[in-house]
Each structure stands twice: as structure tokens, then as C-alpha cells.
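*Asks:* For the record, the sequence lines run as chains X and F.
Residues 65 to 179 in the working numbering are what the first sequence spells out, letter by letter.
Residues 27 to 141 in the working numbering are what the second sequence spells out, letter by letter.
Structure in C-alpha cells, see below.
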Amino acid sequence: GNSVTQMEGPVTLSEEAFLTINCTYTATGYPSLFWYVQYPGEGLQLLLKATKADDKGSNKGFEATYRKETTSFHLEKGSVQVSDSAVYFCALTMPYSGGYQKVTFGTGTKLQVIP
Amino acid sequence: GAVVSQHPSWVICKSGTSVKIECRSLDFQATTMFWYRQFPKQSLMLMATSNEGSKATYEQGVEKDKFLINHASLTLSTLTVTSAHPEDSSFYICSARDSRTDTQYFGPGTRLTVL
């Protein structure tokens, strides 16, 4: 079946540090890939996505590139801020016969940014 | 952006009782809602897909009679954990699909503790 593996946290960084959160996936076929973010006390929000190989998703300074050859979708940000502290989930969807797409999530990585 | 609410945000109950969790889409209609369960440091696991006006579709291994899902309107789905036991203690998260944009929006989750 499909699965998503992401690095365990928590990740603690100083403000303005470079961030990488690794994510690899296993899927048959051609999934769409996502990063979701969950701020404390809130629901998951879509951060960025990529739907085909070599696509780069970007939002709020975060980027991730769909690498089919390494089955990876690593999340990066050049300079993190305290407000980026949250839990980040890597996820994928596959086409589903029911007309909508099921989401397979990774375990989540907690990021803590200290001033 | 679109908002999905859950109620209650946390609940503590005695073993053997039933607990109902509500999921509402606040500013869009959702013909499809999803219920997830998350254990500590683990992925969100899809439990069931809830379709307005029809029976829910349960994932393999999820007991239909234990986790009752009702999607009676385009903005409300409920999950009832019947005869709850301590092993049902978990974090339950719903999402609602906005059919206009084919985007899933997630609720903030409900923490269930069964004593």
C-alpha cells in the first residue's frame, strides 16, 4: 500500500536558521504530494503541494520539490521564524475510484523555533 | 479560508458510555467528510468517508457498529463512539471536502479519553 515516511521530531532551530524536513513516500502509480501544517490548537492547513515529478510547491517561504527518482518531497525554508513553530505533515493522494482522493499522512514533525 | 469546526474539543468519559463528536463546515457545503484517528506520534489514519445522505464507507479494520457516522446535512457529520473503552482513547480529526475547489479542510480535532 501507500505510505509516507518523514523524519521524527521534534526539530529545534534558532530563528533565521535553515530548515529541512525530510519526507519520502512509497506508492504505486503517480501520487500528488502535499505538506500540511498544524499550528497549536488549530486544524491542519495545506501549506503546499506538487502534482507531478519535478514540480516545486512553494508558499510562505517554504518549498518542496517532487523528486520521483528518489521518491522524496523534502520541505525547506531558508530562514525560519518563531511563528513557524508547528507540526508539519507530509502526505500523498492517489486517484480514487470514488471520485475523490484519500490522503495518506506521515507521522508529523514538530518544529520548534526559538528566538 | 474555509473553516471546519469540531465539538467538543476534548471529552472524558467512563468506559461503556457513548460519545458523539460533531464536525461542521462553516462556510461551504461538504458532500464528503472524512474521519481520521491519530495516536501519539503516529500518522492520521483514515477511519471512514462520510457522504451526505448515504451510508459511510469504512476503512478496513474499522468497526462500523462501534464508530457510527451520520452525515445528515451538507454542513454536519457526526461520529459516535459507542460503548467506548480505554483503547478508544485517541485524537479524532475530521475533514470536509469543498467540492467547488476539491480541497480538504481539516478540523482542529477532538481529544477523547475513556477512563
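The C-beta atom is built at its ideal place from N, Cα and C for all residues, glycine as well.
These numbers come from a predicted model, not from an experiment.
Rank 121/F, 125/F and 126/F by C-alpha distance to the C-alpha of residue 136/F and give the top, closest one.
*Replies:* Residue 121/F is the option with its Cα nearest to residue 136/F.
*Asks:* What are the residues of the region 109 to 124 of chain X that lie near chain F, defined by any Cβ-Cβ distance shorter than 8 Å?
*Replies:* So the close ones are 109 and 110.
*Asks:* Assess contact between the region 32 to 46 of chain F and the region 93 to 112 of chain F, defined as three or more Cβ pairs (one per stretch) separated by less than 8 Å. Is contact present?
*Replies:* Taking 8 Å as the limit for Cβ pairs, the verdict is that the region 93 to 112 of chain F does touch the region 32 to 46 of chain F.
*Asks:* To which residues of the same chain is residue 77/X closer than 8 Å at the C-beta, ignoring the five residues directly before and after it?
*Replies:* Within the same chain, residue 77/X has close Cβ partners 83, 144, 175, 176, 177 and 178.
*Asks:* Is it buried or exposed, residue 91/F, if we count other Cβ atoms within 10 angstroms and call 16 or more buried?
*Replies:* Looking at its Cβ environment, which holds fewer than 16 other Cβ atoms inside 10 Å, residue 91/F is exposed.
*Asks:* Determine the direct distance from the alpha carbon of residue 149/X to that of residue 57/F, and round the result to whole angstroms.
*Replies:* Looking at the two C-alpha atoms, the distance is approximately 33 Å.
*Asks:* I'd like the list of long-range same chain contacts for residue 169/X, defined as Cβ closer than 7 Å, with 5 residues on each side in sequence excluded.
*Replies:* Around residue 169/X: 68, 153 and 155.
*Asks:* Count the other CB atoms, across all protein chains shown, that sit within 10 Å of the CB of residue 60/F; report buried if there are 16 or more and exposed otherwise.
*Replies:* By the 10 Å Cβ count, residue 60/F comes out buried.
*Asks:* Please list, in chain order, the chain F residues whose beta carbon lies closer than 7 Å to that of residue 169/X.
*Replies:* Within chain F, the residues near residue 169/X are 69 and 70.
*Asks:* Within 7 Å of any Cβ in chain F, is that where the Cβ of residue 166/X sits?
*Replies:* True, the Cβ-Cβ gap to chain F drops below 7 Å.
*Asks:* Count the other CB atoms, across all protein chains shown, that sit within 10 Å of the CB of residue 97/F; report buried if there are 16 or more and exposed otherwise.
*Replies:* Buried, since its Cβ has 16 or more Cβ neighbours within 10 Å.
*Asks:* Run the CB neighbour count on residue 86/F, radius 10 Å, all protein chains shown included, and call it buried at 16 or more, exposed below.
*Replies:* Answer is exposed; the Cβ neighbour count stays below 16.
*Asks:* Consult DSSP for residue 114/F and reduce its assignment to one of helix, strand or coil.
*Replies:* In this structure, residue 114/F counts as helix in the three-state DSSP scheme.
*Asks:* Just the C-alpha distance for residue 68/F and residue 87/X, rounded to the nearest angstrom, thanks.
*Replies:* If you take the alpha carbons of residue 68/F and residue 87/X, they lie about 15 Å apart.
*Asks:* Please list the partners that residue 106/X has in chain F, where partner means a Cβ-to-Cβ separation under 7 Å.
*Replies:* Under the 7 Å cutoff, chain F gives 134.
*Asks:* Who are the neighbours of residue 104/F on chain X, taking C-beta pairs under 9 Å?
*Replies:* Here the premise fails: no neighbours, minimum Cβ distance about 17 Å.
*Asks:* So residue 129/F contacts chain X; which residues on that side make the cut at Cβ distance below 9 Å?
*Replies:* The contacting residues are 110.
*Asks:* Can you name, in chain order, every residue of its own chain whose Cβ lies under 6 Å from the Cβ of residue 97/X, other than the five neighbours on each side?
*Replies:* So the list reads 114, 130, 137 and 156, once near-sequence residues are dropped.
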